[in-house]
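For reference, the structure is listed below as structure tokens.
Residue numbers (our numbering), protein chains in the order written: chain E, 20 to 112; chain H, 23 to 738.
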């Protein structure tokens, strides 16, 4: 039977990681950092899409329905004109 | 009764001499004062008024507001009756004033009157015809009409026009004009009638007044007018094509009849008929747009509005959705019937990773919510430290906008400029290092959300006290036993969670934005009490506050009460200034201007007293344990009243009587909050989170150690 001091002694590989364990931990830390970055990017992308979609959602416009309806050619033309204007007007992006 | 006639003027030289001459001709057995308020005329209007002997107040154009300026004029005048004219409204006949004032009677609560507008010669037929028909509708037999209830069906009993109106000073003092960009008269009539005043129409008190403008100017006026009607009365013009066509056809037919009755050439008749069609069609369009101005892009609103303002003065009442009677509580089943989604395996670097992802599961929000402001302030500061956040709205009753993009815009515009996206569907859940429940309802969906290193509970109030004996109360209590470590917004709350529920609970100190809430160059008054009144939040005991203020005003009639914090003006019997939901800058100005602040908190102390303290405003709150725990029970930095309206009134009364006590309180309170920043609060929260992450790893590690030791022992 081990004595009490032996029971509380941490296993060598858990106390001070070296070699393969240290490398695994570093890889894990890197993967988790990447995961956090992905989550951040997803949240930020969502915010960007929400900024873009604001007026469409606010006015309850169903672009899918509009673009498959009989007005599609007119709307496409109008959208193209607007995009052109947005590009050429000074101070617009 | 003495009378003050108020004429706001901006470049009114064309009509002012005629108007002032007409005032001189009035036959009335009362003392009459003429007060002209000039807001930067460049055409000599001020000189005309001065030469005529009128009292003149000159203000800058930037200070003008339809309600604000009329309130200013009323404050600076002494007449028992205040008559309002516009600079282009010329009284008809010499009995106009006597007829306008005659129906007013304080004892019968007839507090306001208005008279008809007559068209000038040369006014377009469609304007002249409408004006004549509109006012004739109020009193077909030409008798004085008294209205006491608002009915928007024609003739609209809520209609009131400051082009030609009179108001009893006692009525004005009780109600005052709202500081709105337009339609202050309509809003005043509604507020006054809601307060029990009656309104008179005096058909023989006419002014000659008609606006004939170029077409586009007319249309922009209609835009503003209907926008104002929406804000003051919730009226929304129709967009149904058939209804519009019917209405336009009816108006044009009436115009044609009116034109026919005049001696005009056939070509002239034809031309006016075409203009009539254009006018009424255009009006229908601009009325529809004006009613929906809050949904239009601000740049477009500025273009369409003659006033040139984009932001609505108040939130339009019709847009506020009525919440369902009870939210569906099916989500509670997830906790009661299913095991918790397991936490992601901890790892040794969890606590010292520089950047973490925080997911905030929040209840739906409304502008003005202090709890959400605290959550978003902390989230913003975490983002500033390099962490990232995502916001998850748990809204089973769909009481909020219900659309993530709209919710995101409201968050950014009214709370904090977060980079985080807003998600309203948990099927998009992408995990988090730390996921926070932030209200009892949100603790239940969090139970089933996986892929988190840590699930924690951000507790700002003792929420079971939001309810009486009920399922909600029990479910709220149960969330403290779900095993989430809690970070509580006061020591009192953390102790309560630990002692009563055995929860693991840390505390953080609510912060103050000391850059905003600070001493400002605003003169402090000695008669003003500000009250954070939010009837939609019962824990604020708003009715108790109103009773206390009613008592205070009874004792000290000169007290000025300013009420803020909610979107709807409360129906209270005392005179007060209602400010609605205010932005932080305006609040800081108000706190610097006021004499004492009243905040009532029954489920945990709020951030409001600290913000008032930072502005040097002495605060009265109630002796709730959370308030005592936060500010001490010795009343060094705050006045503590018993939870009773009379005690609150006593404290406020005593405070208003004692400038030295106010000064001492303000000095000590300002020092008390000087280190309480939101950064410090974020430090506390982040510290708790990192410690819990370490504990998570340590638990696994020590478990592994003991397992490993057991295996070793077995081997031997």
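Even glycine gets a Cβ: it sits at the ideal position worked out from N, Cα and C.
This structure is a prediction, so every number in the text was calculated from the model and none was measured.
Pull up the DSSP beta-bridge partners for residue i, would you.
i              : result
residue 684(H) : For residue 684(H), which the question treats as bridged, DSSP gives no partner whatsoever.
residue 139(H) : 229(H)
residue 586(H) : 554(H), 602(H)
residue 210(H) : Paired residues: none, contrary to the question.
residue 236(H) : Bridge partners of residue 236(H): none, in fact.
residue 382(H) : 413(H), 458(H)
residue 699(H) : 534(H)
residue 223(H) : 136(H), 167(H)
residue 104(H) : 26(H), 189(H)
State the start and end residues of the unbroken alpha helix (DSSP H) segment that holds residue i.
i              : result
residue 30(H)  : First-last for residue 30(H): 25-31, but that is the beta strand (DSSP E), not the alpha helix (DSSP H).
residue 455(H) : Segment 454-459 is the beta strand (DSSP E) holding residue 455(H); no alpha helix (DSSP H) there.
residue 527(H) : Taken as a continuous stretch (DSSP letters only), residue 527(H) belongs to no alpha helix (DSSP H), being part of the beta strand (DSSP E) at 527-529.
residue 632(H) : 630-636
residue 619(H) : Not the alpha helix (DSSP H): residue 619(H) falls in the beta strand (DSSP E), residues 618-620.
residue 107(E) : 91-107
residue 169(H) : Taken as a continuous stretch (DSSP letters only), residue 169(H) belongs to no alpha helix (DSSP H), being part of the beta strand (DSSP E) at 167-169.
residue 479(H) : From DSSP, residue 479(H) is part of no alpha helix (DSSP H) but of the beta strand (DSSP E) over 474-481.
residue 269(H) : 263-282
residue 70(H)  : 67-74
residue 91(H)  : 88-97
residue 502(H) : Note, residue 502(H): premise wrong, no alpha helix (DSSP H); not H, not E.
residue 290(H) : 288-313
residue 87(E)  : 82-87
With 16 as the cutoff for other CB atoms within 10 Å, does residue i come out buried or exposed?
i              : result
residue 73(H)  : exposed
residue 23(E)  : Low confidence applies here, because residue 23(E) scores a pLDDT of 38, under 50, leaving its location unreliable and the question unanswered by this model.
residue 38(E)  : exposed
residue 598(H) : buried
residue 591(H) : buried
residue 93(E)  : exposed
residue 138(H) : buried
residue 506(H) : buried
residue 108(E) : exposed
residue 51(H)  : exposed
residue 95(E)  : exposed
residue 100(E) : exposed
residue 237(H) : exposed
Sorted by chain position, which residues of the same chain lie with C-beta nearer than 6 Å to residue i's C-beta, five sequence neighbours on each side aside?
i              : result
residue 192(H) : 128
residue 53(H)  : 24
residue 310(H) : 259, 261
residue 633(H) : 534, 539
residue 362(H) : 469
residue 299(H) : 274
residue 625(H) : 483, 484, 487, 561
residue 249(H) : 312, 315
residue 220(H) : 131, 132, 168, 170
Name, please, each residue of chain H whose Cβ falls closer than 7 Å to the Cβ of residue i.
i             : result
residue 69(E) : 426, 427, 430, 443, 444
Using a C-beta to C-beta distance shorter than 9 Å, which residues of chain H count as neighbours of residue i?
i             : result
residue 58(E) : 379, 381, 410, 412, 452, 453, 454, 455
residue 44(E) : 369, 370, 371
Can you list, in chain order, the residues of its chain whose CB lies under 7 Å from that of residue i, leaving out five sequence neighbours each side?
i              : result
residue 635(H) : 641, 659, 691, 692, 694, 695
residue 530(H) : 509, 511, 703, 706, 707
residue 49(H)  : 116, 117, 120
Might you give, ordered along the chain, the residues of its own chain that have their beta carbon closer than 8 Å to the beta carbon of residue i, omitting 5 neighbours on each side?
i              : result
residue 701(H) : 403, 533
residue 98(H)  : 57, 79
residue 235(H) : 243
residue 301(H) : 146, 148, 237, 240
Quick one: give me the first and last residue of the beta strand (DSSP E) that residue i is part of.
i              : result
residue 80(H)  : 77-80
residue 193(H) : That residue, residue 193(H), is in no beta strand (DSSP E); its alpha helix (DSSP H) goes 191-197.
residue 661(H) : 661-663
residue 397(H) : Looking at the DSSP string, residue 397(H) is not in any beta strand (DSSP E); the run it does join, the alpha helix (DSSP H), is 392-406.
residue 594(H) : From DSSP, residue 594(H) is part of no beta strand (DSSP E); its letter is neither H nor E.
residue 510(H) : 508-510
residue 643(H) : 641-644
residue 60(H)  : 54-60
So which residues of chain E does residue i contact, with C-beta pairs closer than 9 Å?
i              : result
residue 317(H) : 74, 77, 78
residue 375(H) : 48, 51, 52, 55
Just to make sure I have the definition right: I need the residues of chain H whose C-beta is within less than 8 Å of the C-beta of residue i. Which are they?
i             : result
residue 66(E) : 430, 440, 441, 442, 443, 444
residue 63(E) : 410, 441, 442, 443
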